[in-house]
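**Student:** To convert, note that position 73 of the sequence shown is 75 in my numbering; the numbers rise steadily by one, no gaps. Don't be surprised by glycine CBs; every beta carbon is placed ideally from N, CA and C. Submitted below is the structure of interest, expressed as structure tokens.
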Amino acid sequence: ISRGTKAASEGIQAMTTPLVQDRVFAEPRETIADFRFGAEVAQVFDDMLSRSVPFYGEIQRMVAELAEDIVYDLGCSTGTTLLMLDRTLPMDVNFVGVDDSHEMLVKCESKLREHQVKRKVELQCTDLHLGVDMKDASLALMVLTLQFLRPLHRERLIADVFKGLRENGGLILVEKVLGEDSHFNRLF
Numbered sequence: 003i004s005r006g007t008k009a010a011s012e013g014i015q016a017m018t019t020p021l022v023q024d025r026v027f028a029e030p031r032e033t034i035a036d037f038r039f040g041a042e043v044a045q046v047f048d049d050m051l052s053r054s055v056p057f058y059g060e061i062q063r064m065v066a067e068l069a070e071d072i073v074y075d076l077g078c079s080t081g082t083t084l085l086m087l088d089r090t091l092p093m094d095v096n097f098v099g100v101d102d103s104h105e106m107l108v109k110c111e112s113k114l115r116e117h118q119v120k121r122k123v124e125l126q127c128t129d130l131h132l133g134v135d136m137k138d139a140s141l142a143l144m145v146l147t148l149q150f151l152r153p154l155h156r157e158r159l160i161a162d163v164f165k166g167l168r169e170n171g172g173l174i175l176v177e178k179v180l181g182e183d184s185h186f187n188r189l190f
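Structure, rendered in structure tokens:
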């Protein structure tokens with residue numbers, strides 16, 4: 003593990019302690035319902051991500067290096083990215099966190115309060131399948147978000163993002179990908 007990756011992982015752990023261990027799918031279930039970002043998942047989400055997304059801490063560190071001014075985090079979940087950005091960006095940078103899960107936003111608000119975030123942060127409960135209304139954003143973040151949108155709605159969301167960016171604004175898009183080789187996918 004590189005020094006930067008280790009520091010980023012430690013930074014995320016520090017922002018999420020006490021880390022509630024993910025045991026959501028530990029017990030066998032009779033029927034499997036669609037995955038939902040409800041209260042049960044919101045409580046263990048940070049542990050779930052840190053264990054299942056390779057280099058998640060490094061992704062967070064790199065995003066923080068690129069952000070400035072008005073930042074929209076689309077699919078902000080429990081606010082881990084916002085907390086990382088809060089540590090590195092000037093206080094005049096405003097944040098807008100958008101998620102379609104009320105429970106995730108409640109957890110996000112709690113974490114922001116716990117870590118005494120002083121900057122202006124607006125949290126919006128919005129179904130990204132319906133698009134997003136962004137204004138004058140210098141940066142939009144979609145960190146492991148697009149994969150949870152039905153493909154039919156993705157193009158509209160991306161178009162909305164680009165409409166809401168100021169000139170020379172940017173979109174940072176992080177997603178899991180599948181290659182054409184199944185052996186490679188399993189190894190990766």
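(1) Can you tell me whether M93 is buried or exposed? The criterion is at least 16 other CB atoms within 10 Å of its CB, across all chains shown.
(2) If you compare alpha carbons, which of V123, L180 and K178 is closest to L107?
(3) With L146 and E177 assumed to form a contact (beta carbons below 8 Å), what rounded beta-carbon distance in angstroms separates them?
(4) Rounding to the nearest angstrom, what Cα-Cα distance links E111 and D102 in this structure?
(5) Under 8 Å by Cβ, that's how I've got Y74 and L143 pegged, so tell me the actual separation to the nearest angstrom.
(6) Quick one: Cα of S79 to Cα of N187, how far?
(7) Have a look at L76 and E116 and give me their C-alpha separation to the nearest angstrom.
(8) Assuming A139 contacts L167 (C-beta within less than 8 Å), just tell me the rounded distance between them.
(9) Verify whether the separation of the beta carbon atoms of V119 and D88 is less than 7 Å.
(10) Suppose you measure from the CA of S11 to the CA of D183; what does that come to, to the nearest Å?
(11) Could you spell out where the beta strand (DSSP E) holding C127 opens and where it closes?
(12) Mind checking which residues open and close the beta strand (DSSP E) that includes R168?
**Tutor:** Reading it off the structure:
(1) With fewer than 16 other beta carbons inside 10 angstroms of its own, M93 counts as exposed.
(2) Closest option to L107, Cα to Cα, is V123.
(3) Their Cβ separation, rounded to whole angstroms, is 6 Å, which keeps L146 and E177 in contact under 8 Å.
(4) Going from the Cα of E111 to the Cα of D102 covers about 14 Å.
(5) Contact flag correct, Cβ pair sits at about 7 Å.
(6) C-alpha separation (whole angstroms): 26 Å.
(7) Straight-line Cα distance between these residues: approximately 22 Å.
(8) Indeed, because the Cβ distance is near 5 Å, the residues count as touching under 8 Å.
(9) Taking 7 Å as the cut-off, the Cβ atoms of V119 and D88 count as close.
(10) Caution applies to S11, whose pLDDT of 45 falls short of 50 and renders its modelled position unreliable; the model cannot decide the point.
(11) That run of the beta strand (DSSP E) goes V123 to C127.
(12) Note, R168: beta strand (DSSP E), L167 to V176.
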